[in-house]
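What follows is a single structure, written as structure tokens, with notes after it.
Protein chains: 2
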Amino acid sequence: MICASFSNMAVRSQQLAAALLSLLGGVLCFPLGQETKQTPTCGYESCHATKPNMLNVHLVPHTHDDVGWLKTVDQYYYGDRNDIQHAGVQYILDSVVDQLLKNPDRRFIYVETAFFYRWWKQQSSSMQQTVKQLVNQGRLEFVNGGWCMSDEATTHYSAVIDQMTMGLRFLNETFGPCGRPRVAWHIDPFGHAREHASMFAQMGYDGFFFGRLDYQDRARRMTDREQELLWRASDSLTPPMADLFTGILPNGYNPPEGFCWDQSCDDPPIRDDPDLEDYNVHDVVKRFLIIANSQATVYKTNHIIMTMGSDFQYENANLWYKNLDKLIHYVNGQQANGSKVNVLYSTPSCYLQELHRANLTWALKTDDFFPYADDAHDFWTGYFTSRPALKRYERISNSNLQTCNQLEILAGPVSRKGPFGDGDSQTMKKAMAVAQHHDAVSGTEKQHVANDYARRLANGWQRCQVLVSNSLSALSGSSAKRIYCDNLNISVCPLTESSKKFSVNVYNPLARPVTWPVRLPVNGTSYVVSDAEGKSVDCQVVPVSTSTRDVRRNRGFAVNELLFQVQAPPLGFTTYSVSLLQDGPPPASTQHRTPTAIQNKFLRVTFDPDTGLLSSLSNLETKQTIKLTQNFYWYNASDGNNEQSNQPSGAYIFRPNSSTPFIISKTAKTESIQTPVVQEVRQWFAPWVSQVVRLYGDSRALELEWTVGPLPIDDVLGKEVITRLDTSIKTSEYFYTDSNGREMLQRKKDFRPTWNLFQSEPIAGNYYPINSRAFIKDDVDQLTVVTDRSQGGGSLQNGSLEIMLHRRLLYDDVRGVGEPLNESSSVFPEGLVVRGRLQLSLDRPPSAADAHRPLAQQEVLQPLLTFTDGDLHPNTRLQFSGLQAALPPAVHLLTLTQWDKDSVLLRLEHQFQSQESKVNSQPVTVNLQKMFSTLEVLGVSELNLSANQWKDDMTRFHWTPETDEKPLLKTFPDASVWEVTLRPMEIRTFLLRVSFR
Amino acid sequence: MICASFSNMAVRSQQLAAALLSLLGGVLCFPLGQETKQTPTCGYESCHATKPNMLNVHLVPHTHDDVGWLKTVDQYYYGDRNDIQHAGVQYILDSVVDQLLKNPDRRFIYVETAFFYRWWKQQSSSMQQTVKQLVNQGRLEFVNGGWCMSDEATTHYSAVIDQMTMGLRFLNETFGPCGRPRVAWHIDPFGHAREHASMFAQMGYDGFFFGRLDYQDRARRMTDREQELLWRASDSLTPPMADLFTGILPNGYNPPEGFCWDQSCDDPPIRDDPDLEDYNVHDVVKRFLIIANSQATVYKTNHIIMTMGSDFQYENANLWYKNLDKLIHYVNGQQANGSKVNVLYSTPSCYLQELHRANLTWALKTDDFFPYADDAHDFWTGYFTSRPALKRYERISNSNLQTCNQLEILAGPVSRKGPFGDGDSQTMKKAMAVAQHHDAVSGTEKQHVANDYARRLANGWQRCQVLVSNSLSALSGSSAKRIYCDNLNISVCPLTESSKKFSVNVYNPLARPVTWPVRLPVNGTSYVVSDAEGKSVDCQVVPVSTSTRDVRRNRGFAVNELLFQVQAPPLGFTTYSVSLLQDGPPPASTQHRTPTAIQNKFLRVTFDPDTGLLSSLSNLETKQTIKLTQNFYWYNASDGNNEQSNQPSGAYIFRPNSSTPFIISKTAKTESIQTPVVQEVRQWFAPWVSQVVRLYGDSRALELEWTVGPLPIDDVLGKEVITRLDTSIKTSEYFYTDSNGREMLQRKKDFRPTWNLFQSEPIAGNYYPINSRAFIKDDVDQLTVVTDRSQGGGSLQNGSLEIMLHRRLLYDDVRGVGEPLNESSSVFPEGLVVRGRLQLSLDRPPSAADAHRPLAQQEVLQPLLTFTDGDLHPNTRLQFSGLQAALPPAVHLLTLTQWDKDSVLLRLEHQFQSQESKVNSQPVTVNLQKMFSTLEVLGVSELNLSANQWKDDMTRFHWTPETDEKPLLKTFPDASVWEVTLRPMEIRTFLLRVSFR
């Protein structure tokens with residue numbers, strides 16, 4: 000049984016093993032040994048035999064079930080709204096199970112646990128037993144197995160690990176080892192991130208298959224038989240830790256032409272009754288042999304794979320299987336006549352096993368698969384930015400979820416059932432997990448589906464708010480009602496706007512103390528703010544800018560904002576009290592002249608008084624200065640009416656119809672505020688583009704808070720708005736972007752590391768995903784931009800970095816979504832307004848990471864503010880830290896979440912790459928036992944990254960690259976069970992047995 | 000077991016019972032008792048309980064599987080050409096069986112045995128056992144059960160009985176009594192024939208359901224709760240012999256709106272997981288209760304039926320059943336809250352049983368359901384004529400099949416395996432059976448499907464030709480090669496065109512001797528023809544008319560035709576020899592002046608010399624004369640561009656855009672031939688309309704051989720060509736048409752017997768199907784027109800009768816076929832040319848049937864001519880009759896066909912209605928034992944009309960009409976087992992045990 004395999008725990012307590020109960024719907028860990036007499040023969044052992052002297056064709060029946068796209072995830076599950084798209088996952092699983100039972104040779108793979116989970120909990124126990132048997136016999140095999148098949152361009156590694164963990168945990172606890180996927184399977188995402196490959200390797204997958212890559216890349220790889228390769232997915236991790244065998248599927252993820260037998264297809268069935276008309280067995284066999292032999296010429300071994308399925312197929316699996324049974328029968332029947340083609344039901348892992356057995360060497364790849372183009376003018380680089388508001392909402396939701404997870408542990412069970420009612424983190428976890436789907440945070444879903452994702456996140460956050468309130472109540476000893484102000488970004492918070500006295504609890508989910516600027520909408524003109532020790536802190540009231548007033552429409556009436564800097568302890572909170580001052584000083588006044596410069600002790604920022612634009616940035620500590628101008632532009636989105644191609648820009652695709660963007664305004668109307676707490680230059684470029692250049696009193700980063708929208712479309716021109724930073728840095732056509740928020744990748748204009756690029760889209764073909772940051776540098780200067788969400792960007796001129804902020808398009812881009820990306824809502828009927836911020840850090844290249852790594856982490860995991868009206872009870876605990884001490888700067892506490900009653904999942908991460916920082920790119924050791932203040936850690940055991948296998952049990956296939964000596968797997972033993980060492984970019988996952996102190 | 004139920008045979012021979020082996024694919028008679036221990040509880044016994052104090056809603060899961068329509072029958076079976084229409088019957092049956100097994104409450108009905116047979120023979124024996132069990136438990140129930148669901152307007156009763164017999168036999172022999180349908184089910188045919196109801200009654204059905212009827216009729220019946228009624232379907236048969244309880248389904252055959260859960264539908268599924276979005280159980284239950292209660296207001300009892308299915312539905316039955324299970328669960332769950340609605344899985348027979356138990360009286364209906372209109376301008380009266388060539392080919396194929404069947408028996412086994420190879424009648428039987436489908440002979444299928452039906456008939460005839468050759472070889476003692484000339488209608492026969500000496504075998508499938516004119520294409524100018532006794536017979540060579548030359552295009556070169564009259568013995572053949580005469584007289588010459596009259600000893604026909612048109616017709620025996628003019632016209636088919644309605648004329652619908660047809664020509668160009676053998680006036684009206692008015696030397700009927708086409712469409716006007724006979728008969732707006740070739744029905748202009756008609760289409764709304772004849776009459780004159788195929792016609796003016804001959808349309812009529820009815824072919828690329836004939840008989844009304852009954856039968860069952868080149872061997876038997884003597888004139892030998900090795904199916908028919916003839920409308924007795932010349936009849940047992948139940952076992956439900964005293968079932972015992980008496984319009988079906996003499 001699966002529990003038995005969890006045997007290497009530092010404290011081998013039977014109680015702990017037995018307690019591995021799922022929190023997901025109460026599913027019990029499945030004791031295989033007791034329920035079936037047969038030894039399971041799943042995984043590689045259950046593969047059909049192949050024929051060594053023949054071409055073996057692995058037919059892989061599969062369905063690709065988007066966790067939301069044209070319909071919501073629940074509409075897909077039930078088969079609702081079939082008028083939009085015929086798809087009902089409940090029926091797919093019903094049907095596949097039935098059909099698998101009809102012929103033991105048949106195989107099926109299932110991928111998306113979000114759907115499988117929905118189905119499973121509606122099944123009778125006898126059906127569940129049946130399915131377990133199919134899984135134990137390898138007839139039904141899970142591949143990938145995450146809650147969804149995540150997007151690779153726009154997701155943050157933190158949320159991806161979470162969703163994978165949730166899906167794989169469900170499989171593990173439901174099916175035991177036979178439910179553990181051996182293969183990662185990202186057949187649909189639109190380009191592939193190196194960090195995803197790294198994560199998959201660390202999750203224990205033996206190999207990875209995908210369907211989409213650049214058409215030029217594919218062509219070259221077909222010629223060179225390099226469609227199967229070894230991906231070395233980290234610069235920092237010791238091989239083969241992040242090595243992942245990667246296979247490119249032959250037809251995307253579709254069957255070969257003419258062999259689609261789903262109910263959604265029109266290919267001719269095999270008509271083998273000679274008494275009826277149109278007998279076609281000979282024709283089908285002949286066509287199949289031609290295709291198989293042709294496919295074999297672009298792969299290395301005598302094994303090829305055919306994906307027999309596609310989007311939401313197998314709703315009536317009989318159609319597929321009945322014809323596949325016949326295909327196998329008749330094609331193999333030709334072996335008696337000398338045919339050398341052997342067809343078999345198979346799975347990706349069975350195919351992988353044969354590739355592994357071939358014992359060949361494989362081309363090594365160290366870059367990634369972005370950007371993805373499926374034709375010369377069809378670059379899928381628009382979705383890097385599509386739906387910027389959803390992308391931000393997803394990111395802040397992740398921050399809120401991590402806070403929720405942490406507080407669930409820090410206060411214990413009372414957080415789930417406490418004075419504010421029943422709360423949970425599961426709802427939010429599930430909402431976040433579906434939001435990682437490659438048509439969710441990617442922005443490539445229909446509008447109503449995007450609304451559904453957002454609603455789920457909002458629901459999840461509602462449940463978490465109860466939990467957080469319970470937890471904070473327990474930790475602070477105050478059951479006063481806590482108010483959440485989720486609209487602070489548009490300066491809306493009814494409490495602070497109306498209250499004369501309130502307190503602000505600031506919870507910091509990072510494992511180090513943070514300083515954070517708080518901005519609260521108020522209607523008073525003067526306030527007193529004091530910290531947890533009762534000391535007064537500097538604060539400032541400033542008038543709300545008109546662009547904020549525009550954005551919030553009728554949702555708030557605050558005329559001012561109260562600003563002050565808070566300092567929050569690691570994994571804990573502190574409390575500030577705010578009182579209206581009746582006769583205090585007036586708010587800061589705004590000046591309508593552009594200041595020459597704003598500056599604090601770290602940075603100096605100059606402006607061109609004629610244009611109102613930025614003109615330079617200086618780091619006063621390092622004494623470096625760069626020229627820096629910044630402005631806003633829009634590309635005119637192609638409407639598809641073009642002689643080169645009829646491809647329009649759309650949700651997926653970015654295609655400007657000219658390489659020169661239109662400038663929105665050469666000059667900005669400005670006003671400024673200069674106070675000790677904050678200095679702002681507010682810039683207006685158009686009624687739909689404004690910005691605040693903001694420097695807080697003790698910040699090392701310059702904040703550019705942009706507000707864009709509603710994009711005007713009266714001129715019937717789709718618009719893709721960018722901001723561009725033009726600097727004096729000598730970039731030599733290079734720039735750098737992160738991969739899923741972790742390691743940085745070098746990008747070069749009009750260049751791909753693995754083939755000779757023919758560049759056909761000079762702008763879109765040079766766009767890359769930016770998840771958390773991008774930088775440009777030369778030998779002396781590095782300008783890093785930290786973003787608050789995933790965006791697309793590029794560096795098209797020397798010294799320049801552009802980031803796409805918002806898009807509004809009038810045409811569908813013909814990739815299935817069937818809607819133009821033209822966002823509006825009841826709140827914004829004339830089009831969506833989006834606000835965000837970029838944080839700029841200017842540093843010397845060798846130490847830049849020391850700044851941008853923590854800066855980016857604190858952008859990802861932001862403090863959570865909660866408010867209490869009036870006075871707090873005097874016994875209230877105003878300050879708390881869940882840690883005994885802050886973790887070292889290189890260590891990021893990635894995950895702290897309840898696993899089951901007595902255990903906790905902990906992930907610690909070394910957040911620096913090797914070579915990145917002299918100070919921080921070093922191994923660092925932490926003591927798990929001495930980490931927490933409220934938890935006693937009784938036992939610890941290390942897991943793989945996805946927490947579905949003991950680390951010690953990970954035995955992945957070994958693959959040999961072509962151009963590399965055999966890598967030696969170095970092991971770095973920890974000093975003790977408790978003292979664990981993290982090396983650059985390493986994430987370590989622990990299951991802790993705990994008790995509350 | 001089914002064999003056991005065949006227990007009332009006159010000769011109760013165990014051998015006979017045991018020998019009831021099917022000829023259909025070798026399926027064995029199924030001995031139920033041996034294979035299952037359970038007593039079958041199928042049929043009425045297997046119905047779910049209902050609740051007496053509630054409204055019981057009978058949900059009937061069903062699929063309607065057209066035996067060809069948009070796709071061919073085999074394309075439908077396999078699910079081929081899903082690009083045309085998604086439909087695959089193999090998968091439907093696979094899926095339904097699987098789903099029935101999942102829940103014993105579920106029910107399904109299956110209808111079309113053509114498909115079920117295809118599926119059954121591909122199943123494993125274990126699957127066959129499974130299905131048998133489902134049938135024995137009443138979970139899978141067959142309704143209707145014919146090979147197809149026949150068309151009612153354009154089929155001939157003979158072929159309908161055959162196809163029903165074939166389908167029901169397969170069910171009987173496969174499943175025994177549980178496979179016998181209790182209910183007739185014609186949910187889709189476009190109007191309903193009284194003769195069909197009569198046949199269904201005689202086939203033992205307890206009730207009948209259909210979906211389509213005139214919208215005004217339905218409205219009236221809903222108001223009066225007369226949607227269920229008792230149909231008294233014969234004027235001649237003693238009630239309740241032809242009484243059929245008839246139910247009109249509530250939604251055609253579809254589910255109520257919003258409750259279609261097939262994969263082809265988009266209605267919302269029941270979403271009952273409260274954890275997911277869009278929970279909708281309350282909404283679904285509420286909507287269902289509203290619909291059910293509303294439906295109950297237009298029916299009489301506390302039982303209503305809902306047809307949960309439609310065209311080719313249940314390919315993925317899980318979708319339907321999963322949601323139906325939930326519907327039943329949740330709706331019945333409301334009973335606890337006081338709901339009075341009870342939903343249950345049911346079948347038509349279970350619903351019928353409840354109606355029967357209600358013990359009510361029902362409205363009596365004695366007319367039929369033609370024409371069918373689904374809206375004011377949407378009369379489905381075009382298909383009465385659509386595809387006239389296919390309709391004729393189907394009719395002549397029936398004649399050939401009956402000949403094939405008879406000769407199979409008359410010569411015995413050697414006919415199936417003889418000197419000319421292996422022949423069979425099964426192929427032709429199946430081809431004829433599918434051709435009866437309501438989108439086959441109806442002409443409402445796509446062109447490629449029409450081609451498929453024709454090809455099947457041609458293939459069937461090929462197989463029959465071998466059988467016929469073998470049989471004639473055996474009976475005549477000559478194995479000389481027999482040549483078939485299937486193109487004599489266009490004067491093409493390579494043998495007769497080139498041979499100097501040949502013989503003609505004339506086989507007569509009627510049970511009485513016939514005289515028949517033979518017309519053979521020849522190139523000689525003079526021939527000698529002698530009969531079987533060597534006596535010379537009158538013959539005549541005439542030049543082929545130019546219109547025939549036009550029709551046959553490049554297919555023949557004969558310049559002349561040789562005409563002579565043959566006399567053939569009952570159920571037998573005679574032989575004529577033909578020799579070219581070198582110096583004989585020249586062919587008859589044609590005159591270019593219109594003769595005043597042509598006449599023989601029976602008839603005189605006058606012409607108007609100015610116009611070339613007919614002017615009068617006289618019966619010289621009865622000394623009656625009528626004025627008779629005849630001409631050709633075309634209606635301009637509506638293109639749908641019309642202010643009243645946008646309905647165009649199409650394959651189904653006849654809608655002239657003006658009530659006045661265009662005359663093709665007021666005068667005819669003529670030529671004439673007058674010889675003792677034949678007199679012809681050949682008329683040309685246009686390049687695309689010509690006619691031969693023909694009177695044979697000893698014929699009592701006047702032949703009008705029309706040739707129409709290609710209909711010109713250069714003017715972009717769709718055309719519907721009629722011929723109209725205008726007479727001096729005072730018709731008083733009445734005329735008469737046959738029902739499926741049997742009983743005559745009175746029609747009245749702008750009138751329906753059962754409701755106050757609002758006539759909105761003055762032409763199309765007065766059209767009726769003519770299968771074999773129509774007549775107009777007054778007190779002294781009756782003019783009967785016998786047709787050679789099914790056609791539509793009407794009587795729109797006093798004394799007038801019009802018949803539609805051909806249609807060519809440019810628009811689809813939006814009933815699904817998706818093609819305009821615009822026939823052309825490679826032979827006729829410019830449009831189809833059609834030739835046919837009308838036979839006119841002028842009589843005194845009281846004795847008209849004495850003429851038209853035999854005339855029509857000999858049009859339906861024509862002599863078959865076969866040819867042998869050169870001299871026959873002197874020992875050749877030139878004449879043969881399978882009967883010991885001709886049957887009496889009132890008796891028609893309807894069926895004589897092999898049943899199994901030692902038994903033969905015989906149907907004898909009284910071909911006169913009661914009151915129709917002083918002479919013939921009398922009971923008549925025949926002796927079965929003394930009937931055949933080559934067969935010894937060892938035993939006899941009577942069956943129901945469809946031969947799937949012993950006559951003595953027929954116990955149909957008794958239904959009481961509202962307006963009738965309780966009918967007394969009179970029985971007329973036969974004089975002996977062998978001497979059977981037939982009463983007017985009675986058909987009696989016997990299984991004979993035979994041996995060959």
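First to last, the sequence lines map onto chains A and B.
Just so you know, we're using numbering that gives the first Met the number 0 here: the first sequence kicks off at 0 and counts up by one.
Just so you know, we're using numbering that gives the first Met the number 0 here: the second sequence kicks off at 0 and counts up by one.
Glycine is no exception: its CB is placed at the ideal position from the N, C-alpha and C atoms.
Q. Mapping DSSP to helix, strand and coil, what is L509 of chain A?
A. coil
Q. Going along chain A in order, which residues have a C-beta closer than 7 Å to the C-beta of Q122 of chain B?
A. Going along chain A, no residue has its Cβ under 7 Å from Q122 of chain B, so there is no contact; the nearest lies around 12 Å.
(Q) Does any residue of chain A have a CB that is nearer than 7 Å to the CB of D93 of chain B? (A) yes
Q) Do D265 of chain B and N81 of chain A have their C-beta atoms closer together than 7 Å? A) yes
Q: Use the C-beta contact count for D778 of chain B: other C-beta atoms within 10 angstroms, 16 or more gives buried, fewer gives exposed.
A: exposed
Q | Residues near E620 of chain B in its chain [Cβ-Cβ closer than 7 Å; skip 5 each side] | A | F601
**Q.** C-alpha distance - L561 of chain A paired with L466 of chain A, whole-angstrom precision
**A.** 28 Å
Q | Buried or exposed (CB count within 10 angstroms, at least 16 for buried), F661 of chain B | A | exposed
Q: Say whether the segment 841-848 of chain B touches the segment 388-396 of chain B, bearing in mind that this needs 3 or more beta-carbon pairs closer than 8 Å, one atom from each stretch.
A: no
Q.
DSSP three-state label for C349 of chain A, please.
A. helix
**Q.** For A158 of chain B, three-class secondary structure by DSSP
**A.** helix
**Q.** Contact the segment 416-425 of chain B vs the segment 184-195 of chain B: 3+ CB pairs below 8 Å
**A.** no
Q. Which whole-angstrom value is the C-beta distance of A200 of chain B and M240 of chain B, which I expect to be below 8 Å?
A. 7 Å
Q.
I'd like to know if D421 of chain A contacts chain B, where contact means its C-beta is closer than 7 Å to some C-beta of that chain.
A. no
(Q) Going by DSSP in three states, G835 of chain A sits in which element: helix, strand or coil? (A) strand
Q: Give the straight-line distance between the Cα atoms of R455 of chain A and A531 of chain A, rounded to the nearest whole angstrom.
A: 35 Å
Q | Euclidean distance between Cα positions of L494 of chain B and L275 of chain A | A | 33 Å
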